[in-house]
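To keep things clear, I will list the structure first and then write my remarks on it.
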Amino acid sequence: MKLLSVLILSICCTLTSLAQDDIVGSYWTPDKDGKIKVYKVGDIVYAKLTWIKDMASQQSKKPNGESTLGSILLTGFVKKKDNLWSDGYIVDPTKEKKYSGKLWLDENNNLVARGFIGIALLGKTVVFERIK
Numbered sequence: 328m329k330l331l332s333v334l335i336l337s338i339c340c341t342l343t344s345l346a347q348d349d350i351v352g353s354y355w356t357p358d359k360d361g362k363i364k365v366y367k368v369g370d371i372v373y374a375k376l377t378w379i380k381d382m383a384s385q386q387s388k389k390p391n392g393e394s395t396l397g398s399i400l401l402t403g404f405v406k407k408k409d410n411l412w413s414d415g416y417i418v419d420p421t422k423e424k425k426y427s428g429k430l431w432l433d434e435n436n437n438l439v440a441r442g443f444i445g446i447a448l449l450g451k452t453v454v455f456e457r458i459k
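Residues 328 to 459 in my numbering are what the sequence shown spells out, letter by letter.
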């Protein structure tokens with residue numbers, strides 16, 4: 328009986344640990360012309376651009392002409408409660424601007440990002456479809 332209790336406790340701890348990393352993975356950009364990879368360093372969530380469909384387009388260039396490939400798009404997000412990451416920034420590498428943001432996963436396990444200046448009510452929401 329004692330062994331069974333230890334086994335159940337181990338499984339519960341493992342599942343809790345896995346649930347905390349649900350946000351980590353690869354996603355399509357909203358227009359499906361690029362891919363991002365969401366990863367964690369410690370407890371902080373980041374994402375970088377890992378693939379661009381049309382490398383020659385202006386949308387794949389920074390103002391200085393460099394490629395946006397490899398650019399950090401999400402930075403500094405911390406899990407605040409179940410399925411909500413905040414206190415980070417959403418970065419637009421083509422304009423070299425950053426916006427306050429919140430992240431969460433929708434019912435289809437896609438990444439939802441809300442970027443805003445000042446208050447979240449005056450922002451924009453985009454959905455990144457998880458790559459299976």
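All residues carry an ideal CB built from backbone N, CA and C; glycine is no exception.
For the beta strand (DSSP E) containing GLY442, name the first residue and the last one. Its beta strand (DSSP E) spans residues 438-443.
Please report the distance separating the alpha-carbon of ILE444 from that of TRP378. Looking at the two C-alpha atoms, the distance is approximately 27 Å.
GLY361 vs ARG457 beta-carbon contact at 8 Å: It is not a contact, given that the beta carbons lie outside the stated cut-off.
Does the Cβ of LEU438 have 16 or more other Cβ atoms within 10 Å, making it buried, or fewer, making it exposed? By the beta-carbon neighbour count (other beta carbons within 10 angstroms, threshold 16), LEU438 is buried.
Can you name the start and end residues of the beta strand (DSSP E) that LEU401 belongs to? Start and end: 399-408.
Would you mind stating whether TYR373 and LEU411 have Cβ atoms separated by less than 8 Å? Result no, Cβ atoms of TYR373 and LEU411 do not sit closer than 8 Å.
Whole-angstrom distance between LYS408 and ASN436, CA atom to CA atom: The C-alpha of ASN436 lies about 17 Å from the C-alpha of LYS408.
Give the single residue among VAL454, PHE404, THR452 and LYS388 whose Cα lies nearest to the Cα of SER413. With distances taken between Cα atoms, SER413 lies closest to PHE404.
Member of ARG441, ASP433, TRP431 and GLU434 whose CA lies at the smallest distance from the CA of LYS425: Of the candidates ARG441, ASP433, TRP431 and GLU434, the one whose C-alpha sits nearest the C-alpha of LYS425 is ARG441.
Just to confirm, are SER398 and LEU430 a CB contact at a threshold of 8 Å? In this structure, LEU430 does not lie closer than 8 Å to SER398 by Cβ.
Pairwise C-alpha distance: PRO390 and ALA383: Their Cα atoms are separated by approximately 14 Å.
Cα-Cα, which of ASP419, THR421, ALA447 and THR452 is closest to ASP433? Considering only alpha carbons, the answer is THR452.
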